[in-house]
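Below is one structure, written out as structure tokens, with a few remarks after it.
In my numbering, the protein residues as written are 2 to 416.
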């Protein structure tokens, strides 16, 4: 299936499965019509993959977004029609999350739109080679050229922590991998980094609770941006870890909305509903399948129908731990490594990864992690604009392409 099939797939569901999808999402199929004047037709044909006079609509999709469904959408118009005809009758799948209020409009044709101006052509390897090693990259010499926090460094086999010299939280650290190239990190190195982050959070919390004053609920947030297009200031791979006094941002929204959801569904939680709803539509991989390939302590992962960026996103929910306990981040490492590889196979070079805690009705906590396809490593057209800033995104990717790529990476496609 493709994103265009979602309304039909929902109609085909029965009973609880359809009810859960409709409990989570409001989905509409929108149609857009326009007329392409004759002088513009040659240009639109080229944008859509044909030539000035071609009737062929097959072409590759720019790698700033996951491909495949754009080609199928264009081809659906009719292989016998001029390529420019594809834009005259367009289908948009509009998705709204009734609980988180995230919204996304999917139109794979948007991956075809022209971007004017000069664009950098350097790829990940070339970018990394230009800034590797002492004298070019401070993070390549972390013992001498990064700061130390009051509670010292946490160390792993392939990673260590440092203080963030330019903080956006009182307790704000960095996880630095020893390898310089973010896109070359192995699964073992990523797991090691996540284990080191767990140790940093333990040390940082122990330091914070010794401070005078009332004890606060210390909330953990971590995020990792690969390449400038994803927001990274440094090319060398680094994750940022922060502690806050109380929930922040989307974490706070999900906690509050989960309480509202639990009033209606006391034996369930909102994030587990998200995993199941996507599974009903063929967009998720749940715990039993992940355990079959050796990945444990994960409730599920899914290619979300409300990504924050055009290239699409895959979310991961860890298992919940009982109230009063801290869920470890390390078990997510191997799956995150597979997701990064899957996103790269869908055209991503820059990737954003972020995680925070969510809660269930019993006060148990789990990690909710989001991996976002941010397009090319070298910035060209920014993938976040005015509408994304207030929660309405426009996606040119297809979540079915992303989840299939992850299944292939995990060797689950035949299961």
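Even glycine gets a Cβ: it sits at the ideal position worked out from N, Cα and C.
For residue 158, same chain residues with a beta-carbon under 6 Å away, outside a window of 5 residues either side, are 193 in chain order. Taking a contact to require three or more Cβ pairs closer than 8 Å, the segment 108-127 and the segment 393-403 qualify as touching.
In this structure, residue 339 sits near residue 407, with a CB-CB distance shorter than 8 Å. Secondary structure at residue 164: strand, using DSSP grouped into helix, strand and coil. For residue 324, there is no enclosing alpha helix (DSSP H), as DSSP marks it with neither H nor E.
If you draw a 10 Å sphere on the C-beta of residue 135, you find fewer than 16 other C-beta atoms in it, and that means exposed. For residue 23, the enclosing alpha helix (DSSP H) stretches over residues 16-25. Cβ-Cβ separation between residue 231 and residue 352: approximately 6 Å, consistent with a contact (criterion under 8 Å).
Rounded to the nearest whole angstrom, the CA to CA distance from residue 360 to residue 375 is 28 Å. When the Cα atoms are used, residue 386 and residue 154 turn out to be separated by approximately 38 Å. The C-alpha of residue 124 is placed about 38 Å away from the C-alpha of residue 152. Only residues of its own chain outside the window of five on either side were considered, and among them 310, 314 and 353 have a CB closer than 6 Å to the CB of residue 373, listed in chain order. Residues 298 and 300 of the same chain have their beta carbon placed closer than 6 Å to that of residue 320, with the five preceding and five following residues left out of the count. For residue 155, no alpha helix (DSSP H) segment is defined, and its DSSP state is neither H nor E. Annotation: the segment 110-147 contains the following complete segments of the alpha helix (DSSP H) (minimum length 4 residues), in chain order: 125-130 and 143-146.
Assignment of residue 96 by DSSP, reduced to helix, strand and coil, places it in the strand class.
Contact check for residue 318 against residue 278 fails: the beta carbons are separated by 8 Å or more.
A Cβ-Cβ distance of about 5 Å is found for the pair residue 37 and residue 85, placing them in contact under the 8 Å criterion. Residue state for residue 36 is assigned as coil, using DSSP reduced to three classes. In the DSSP assignment, residue 105 falls within the beta strand (DSSP E) that extends over 104-107. Per DSSP, residue 207 is one residue of the alpha helix (DSSP H) stretching across 188-210.
Assignment of beta-bridge partners to residue 357 by DSSP yields 222 and 369.
If the five residues before and after residue 142 are omitted, its C-beta is found closer than 8 Å to the C-beta atoms of 135, all from its own chain and listed in chain order.
For residue 275, the enclosing alpha helix (DSSP H) has its first and last residue at 271-281. Residues of the same chain with a CB within less than 6 Å of the CB of residue 255, apart from the 5 flanking positions on each side, are 359 in chain order. The beta-carbon distance between residue 122 and residue 379, rounded to whole angstroms, is 7 Å. This is short enough to meet the 8 Å contact definition. Classified as exposed, residue 148 has fewer than 16 neighbouring CB atoms from the shown chains inside 10 Å of its CB. For residue 174, the secondary structure class from DSSP, reduced to helix, strand or coil, is strand. Of all alpha-carbon atoms in 280, 216 and 26, the one lying nearest the alpha-carbon of residue 246 is that of 216.
Look at the beta carbons and you see the segment 261-270 not touching the segment 279-289: under three pairs across the two are nearer than 8 Å.
Cβ-Cβ distances below 8 Å link residue 337 to 191, 195, 317, 354, 370 and 372 in the same chain, with the five nearest sequence neighbours on each side left out; the list follows chain order. Residue 317 carries a strand assignment under DSSP once its states are collapsed to helix, strand and coil.
Residue 185 has its alpha-carbon roughly 42 Å from the corresponding atom of residue 32. Distances from the alpha-carbon of residue 48 to those of 117, 307 and 131 put 117 closest. Relative to residue 238, the option among 138, 344 and 39 whose CA is nearest is 138. Less than 8 Å divides the Cβ of residue 302 from the Cβ of residue 285.
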